[in-house]
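Chemist: In the working numbering, the protein residues as written are 6 to 492. Where a beta carbon is used, it is the ideal one built from N, C-alpha and C, also for glycine.
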Amino acid sequence: MSKITQEKLEKPEKTIKEVCDIIFSLEKKYDLNHMKIQGVYAWQLVRVYVYYEIARKIGVFGSPQQGKVTLKNKIFSFLPFIKNSLFSNPLNGKYDKDVIIFDHPRKVKHNGDYKDIYSYFLEDYLNDFGYSYELIESPYLNNHHGKKGKFTKYNDRILFGSYIHKKKTNLKLKTCEKNKIYNLQRELISNFNIEIDLFNIFRSHILDFKYQYNKYDKLFKKRKPKYVFVVVAYENKAMIAAAHNNGVEVVELQHGTISEYHLGYNYPNKEDKGLEYFPDKILSFGDYWKEVANYPINEKNIISIGFPYLDETIKYHINNQKCKQILFISQGVIGKYLSEFAYELAQKFEKIEGCDQYNFIYKLHPGEYSNWETNYDSLMKAQKLDNFQVIDNSEISLYELFSKSEYQIGVFSTAIYEGLLFNCKTFILDLPGAEYMDSLVDKNYVMKVNDVDEIINSIDNFNITEYDNDFFFKKYKKSSLDKFFNR
């Protein structure tokens, strides 16, 4: 194992699998997903947050490295925020809509405008077949990107109202509720040897839930939709609860990697079927995703429809010529480790005959663009090498990079699956989170490595099992939605 990787991997006392297994055990012991506090299924609200907080505190994941909303940003976005709250408030007016869409806040430039790549296809379908709809957009890092659509409302008013409500409202817990939280906090501290303020975490999420639930309840009573589509359902529990209580079917659009270690989706205890704050259906990228987690809904409700953005974009690059190029796929929570590994590998390649012909591309995640020069010293050094380039913008298509790269190296990014579509030979670096890719490793679709020497030794004799691209990403057809909408 390389010196860099060894130093980084010796710190965490537990793996992702061990963290998840402990959480699953506690869920079963205390029946956490059915535990009510203040009339709310509180653990369902905090589950993902607590998981990432534990992983961060024990050193399994680093901090996300995402750019922060500065005071200057807040000041300059204040007036647009007030304008959005007044004139784009989704609660304004009383009219019916067949469908409401809650899209992904982060937008990608596509066909000249910024769009949510996971949901824009749905608008095209609804327009074509005359369904009325409304899109509700949340800000990303305090801003909205792209042109405001004809049927778009901004969620600023509800989110800001929730923030103010939380600041001025006290949550008075009953003694029995305090005991439930205390017992769980004691278990977490004992199992993970960390300090964690579970009382404040529960307080924050419960107050957010109660305020937002009331607003979404009013919204659904006004709009009377038949369907709600949402990207990232585990961050929209209050909306889902309100929809269910108004008889509205909630459908999640897949937006990323799902695995048995993603607590937004995996519920291994059989008692957790039919959870109140989970969507009714999931529209997945392909059949592969049906079997990678224990969903709390029936498998028939995981419906493969494909990834239209991928289909539309891949055709411009699929026939590009491969070159001696190695592409690193970064993520904020492991970016510090991955960037140091990339620098070490590039240095060694420069000194090895044959390997010195390879170029390295380090593609940052959009959340890393604004502050990588401060956070990643290794990338600043790597840029001085003749064979290394850092991509810190979205001007160059990731698919173009895949199409020209012979190899890709990453940990657990969804982009790795997309790279497989371009026949990139894939190394999974054994850093925290690599467990997410165990099914790919087990099937020999990718190779897991610990250090740079393993990559160097495998570069000329890389052998993997052939795979069916459609298994990961089904080809999208508009007719895929016909049955869903009973057409």
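(1) Quick check on the burial criterion: 16 or more other C-beta atoms within 10 angstroms. Buried or exposed for GLU440?
(2) On the criterion of 16 or more Cβ atoms from any shown chain inside 10 Å, does ASN491 qualify as buried, or is it exposed?
(3) How long is the line joining the alpha carbons of GLU142 and ASN160, rounded to whole angstroms?
(4) Taking buried to mean at least 16 other C-beta atoms within 10 Å of its own C-beta, is ILE87 buried or exposed?
(5) With a floor of 3 residues, list each beta strand (DSSP E) that falls wholly inside the region 394-458, ordered by position along the chain.
(6) Thinking C-beta only, is SER418 closer than 9 angstroms to ILE366?
(7) Near TYR422, what residues of its chain come up, given a Cβ to Cβ distance below 6 angstroms and the 5 sequence neighbours on each side ignored?
(8) My assumption, with CB atoms under 8 angstroms, is that GLU265 sits in contact with ASN299. Please give the rounded CB distance.
(9) Taking just the CA atoms, how far does MET244 sit from VAL55?
(10) Apart from the five residues on each side of it in sequence, which residues of its chain come closer than 7 angstroms, Cβ to Cβ, to ARG52?
(11) Hey, out of ASP213, GLU200, VAL446 and ASP26, whose CA is closest to THR174's CA?
(12) Applying the criterion that 16 or more other CB atoms from any shown protein chain within 10 Å of the CB defines a buried residue, is LYS102 buried or exposed?
(13) Using DSSP with H/G/I as helix, E/B as strand and the rest coil, what is GLN330?
(14) Run through DSSP, which three-state label would ASP285 get?
(15) Would you mind stating whether LYS479 and SER375 have Cβ atoms separated by less than 9 angstroms?
(16) Please report the residue range of the beta strand (DSSP E) in which SER309 lies.
(17) Classify TYR270 as buried or exposed, calling it buried when 16 or more other Cβ atoms lie within 10 Å of its own Cβ.
(18) If you draw a straight line from the C-alpha of ASN474 to the C-alpha of ILE433, how long is it?
(19) Can you name, in chain order, every residue of its own chain whose Cβ lies under 8 angstroms from the Cβ of LYS33, other than the five neighbours on each side?
Modeler: Taking the coordinates as given:
(1) buried
(2) exposed
(3) 6 angstroms
(4) exposed
(5) 410-415, 430-434 and 452-454
(6) no
(7) PHE477
(8) 7 angstroms
(9) Their Cα atoms are separated by approximately 20 angstroms.
(10) LEU268
(11) The residue with the shortest Cα to Cα distance from THR174 is ASP213.
(12) buried
(13) strand
(14) Coil at ASP285, not helix or strand.
(15) no
(16) 307-309
(17) Looking at its Cβ environment, which holds 16 or more other Cβ atoms inside 10 Å, TYR270 is buried.
(18) The straight-line gap from Cα to Cα measures roughly 18 angstroms.
(19) ASN274 and GLU276
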